[in-house]
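Engineer:
2 protein chains.
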Amino acid sequence: MSESQIAVALLHHPILNRRGETSTTAITSIDVHDFARSCAFYDVSPVYLVHPADGMHSLIHDMTDYYLNGKGGERNPERKEVLKAIRCVKSLDQIIEAEPYQLWYTSATPPGEMCIEASELKHINGKHLIVFGTGWGLDEENMPNANGWLSPIKGIGKVRHLSVRAALAIYLDRLGI
Amino acid sequence: MSESQIAVALLHHPILNRRGETSTTAITSIDVHDFARSCAFYDVSPVYLVHPADGMHSLIHDMTDYYLNGKGGERNPERKEVLKAIRCVKSLDQIIEAEPYQLWYTSATPPGEMCIEASELKHINGKHLIVFGTGWGLDEENMPNANGWLSPIKGIGKVRHLSVRAALAIYLDRLGI
Numbered sequence: 001m002s003e004s005q006i007a008v009a010l011l012h013h014p015i016l017n018r019r020g021e022t023s024t025t026a027i028t029s030i031d032v033h034d035f036a037r038s039c040a041f042y043d044v045s046p047v048y049l050v051h052p053a054d055g056m057h058s059l060i061h062d063m064t065d066y067y068l069n070g071k072g073g074e075r076n077p078e079r080k081e082v083l084k085a086i087r088c089v090k091s092l093d094q095i096i097e098a099e100p101y102q103l104w105y106t107s108a109t110p111p112g113e114m115c116i117e118a119s120e121l122k123h124i125n126g127k128h129l130i131v132f133g134t135g136w137g138l139d140e141e142n143m144p145n146a147n148g149w150l151s152p153i154k155g156i157g158k159v160r161h162l163s164v165r166a167a168l169a170i171y172l173d174r175l176g177i
Numbered sequence: 178m179s180e181s182q183i184a185v186a187l188l189h190h191p192i193l194n195r196r197g198e199t200s201t202t203a204i205t206s207i208d209v210h211d212f213a214r215s216c217a218f219y220d221v222s223p224v225y226l227v228h229p230a231d232g233m234h235s236l237i238h239d240m241t242d243y244y245l246n247g248k249g250g251e252r253n254p255e256r257k258e259v260l261k262a263i264r265c266v267k268s269l270d271q272i273i274e275a276e277p278y279q280l281w282y283t284s285a286t287p288p289g290e291m292c293i294e295a296s297e298l299k300h301i302n303g304k305h306l307i308v309f310g311t312g313w314g315l316d317e318e319n320m321p322n323a324n325g326w327l328s329p330i331k332g333i334g335k336v337r338h339l340s341v342r343a344a345l346a347i348y349l350d351r352l353g354i
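In order, the protein sequences belong to chains A and B. Position one of the first sequence corresponds to residue 1 (the numbering used here), numbered consecutively onward. Position one of the second sequence corresponds to residue 178 (the numbering used here), numbered consecutively onward.
(1) Count the other CB atoms within 10 Å of the CB of I130(A); is the residue buried (16 or more) or exposed (fewer)?
(2) Give, in chain order, every residue of the region 68-85 of chain A whose Cβ lies closer than 8 Å to some Cβ of chain D.
(3) Going by DSSP in three states, G72(A) sits in which element: helix, strand or coil?
(4) Looking at the unbroken alpha helix (DSSP H) that takes in L349(B), where does it start and where does it end?
(5) Considering only the alpha carbon of each residue, which of T109(A), L121(A), A85(A) lies closest to W136(A)?
(6) Could you pull the start and end residues of the beta strand (DSSP E) that H128(A) belongs to?
(7) What is the residue span of the beta strand (DSSP E) that I263(B) lies within?
(8) How big is the Cα-Cα spacing for H51(A) and P14(A)?
(9) Check whether the Cβ of F41(A) lies closer than 8 Å to any Cβ atom in chain B.
(10) On a CA-only basis, which of V209(B), E180(B), E198(B), I183(B) is nearest V341(B)? Give me that one, please.
(11) If you draw a straight line from the C-alpha of K408(B) to the C-alpha of R174(A), how long is it?
(12) How big is the Cα-Cα spacing for L16(A) and H161(A)?
(13) Have a look at T22(A) and C88(A) and give me their C-alpha separation to the nearest angstrom.
(14) Leaving out five residues before and five after A53(A) in sequence, what residues of the same chain have Cβ atoms less than 8 Å from its Cβ?
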C-alpha cells in the first residue's frame, strides 16, 4: 500500500508571456471547473489556484460560493462536491510553507534532467504537488526548486502543446492510481 | 504499418437530458477550441461538430472565421491551423453517408457488450469515428448502430464522469498513435 498523496496546483504567477517575460494570467472559470472535476474523478486533492491578486480570489470565491452555499449546489450537488477541493492561494511558497509537498513541474518542453513518468509518483512516499502553468508556461527561474518534472506528453501533430485542461486530464490518467 | 485513420465527432443531438429524454445541447466555444487543439496535437481529424440548427452552424462559422480568415489568425497562427479541422454537420447520418466510418461510441457507462480499448483502434484497418456526447450522454436508441464502444475511463473519485474535453484528451492519449 503506497503512502503517496497527490495534489494539483494551477499557477497564474510567475508564468511566462509570449515574449518570455515574467507575467501573470487571469484565472478562467473553465479551468476552475475542469480542474476541480477531473481531480475529483481521480480523487486527487486539493486543487490550488495560485494567483497573487485579492480581486481574483474574490471572483473565484463568488463563482464557487454559488455552488458551495447557494442555489447552484441545490440544482447541481455533484458540482458542489467537486468544488470543495478548490483552494485559492497567493503563491507557491504559501502552499509549501503549510504542507511538506514534493514539487513536480510540468511543461511541454521540460528541462532534460530529472524527468519521471507520472505513473512513478504513486510509488514515492509522501505528499506530491503537480504544478501546471498557464500563459506560455512556468517561469521556473522565479519558482522554488522542483523535485523533478513529469515527462512531457508527446504529440505527433500540428501543435506544440495541449490546453492545460487536456494536459491535466492525461497526467491524472497516467498516474494510474 | 497500420491503415487506420481516426476522426472525432462531438454530438449535440440526439443526446439525453437530465430526465433521460431525447434532447439537443448548444455548442460551446470552449469545446470547439479544446477539441480542435487536442485532436491537432495527436494528428486526429476531422473534428465533426454535430448540430441540427443552422443558427448554431453560423455561430461556429463566425467564431472560427475570425481565426481562419481574419485578424485572429494573424495574431495566433497556430489556432488558425488547428481550427481548419472543424466541420459542422447536421447529423451523424450525414457524416457516414459521405465517408465509410466505423462508429465507436463513448460513455462513462457503456452497454456491456462490444467494448474495446482505445489502443486497439490503430490495429483495425479503415476509417474510424469516435463519437462523444454532450448533456447527459449519447441517445443511442436514436443513433445508427455502433461498431462498438470504447472501454470507459474509470475514476476512483467522487464524480461519475469527466468533462467531455477531459475524456477526449484521455482517449486520444490512450490511442497510442
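Backbone N, C-alpha and C define an ideal beta-carbon position, used for all residues, glycine too.
Structural biologist: Let's see:
(1) Locating residue 130(A) in the first sequence gives position 130, where the first residue counts as 1. Buried, because 16 or more other Cβ atoms sit within 10 Å of the Cβ of I130(A).
(2) No chain D is present in this structure, whose protein chains are A and B.
(3) Here residue 72(A) refers to the residue found at position 72 of the first sequence. It is helical.
(4) What you label residue 349(B) is simply residue 172 of the second sequence in a count that begins at 1. For L349(B), the enclosing alpha helix (DSSP H) covers residues 341-352.
(5) Along the first sequence, read from residue 1 onward, the residue named residue 136(A) stands at position 136. If we check each option's Cα against that of W136(A), T109(A) comes out closest.
(6) Within the first sequence, residue 128(A) is the residue found at index 128, counting from 1. Start and end: 126-133.
(7) Translated into positions along the second sequence, residue 263(B) becomes position 86. Its beta strand (DSSP E) spans residues 263-266.
(8) Within the first sequence, numbered from 1, the residue matching residue 51(A) stands at position 51. Within the first sequence, numbered from 1, the residue matching residue 14(A) stands at position 14. A straight-line Cα-Cα distance of about 9 Å links H51(A) and P14(A).
(9) Translated into the one-based positions of the first sequence, residue 41(A) becomes position 41. Closer than 8 Å to some Cβ of chain B, the Cβ of F41(A) qualifies, so yes.
(10) Stepping through the second sequence from its first residue, residue 341(B) is reached at position 164. Selected option, being the one with the closest Cα: V209(B).
(11) Look at the range of chain B in this structure, 178 to 354, and you will see that residue 408(B) is not part of it.
(12) Stepping through the first sequence from its first residue, residue 16(A) is reached at position 16. Stepping through the first sequence from its first residue, residue 161(A) is reached at position 161. Rounded to whole angstroms, L16(A) to H161(A) spans 15 Å at the Cα level.
(13) Here the question's residue 22(A) lines up with position 22 in the first sequence. Here the question's residue 88(A) lines up with position 88 in the first sequence. Cα to Cα, the separation comes out at about 21 Å.
(14) As a working note, residue 53(A) is residue 53 in the first sequence. Within the same chain, A53(A) has close Cβ partners T24.
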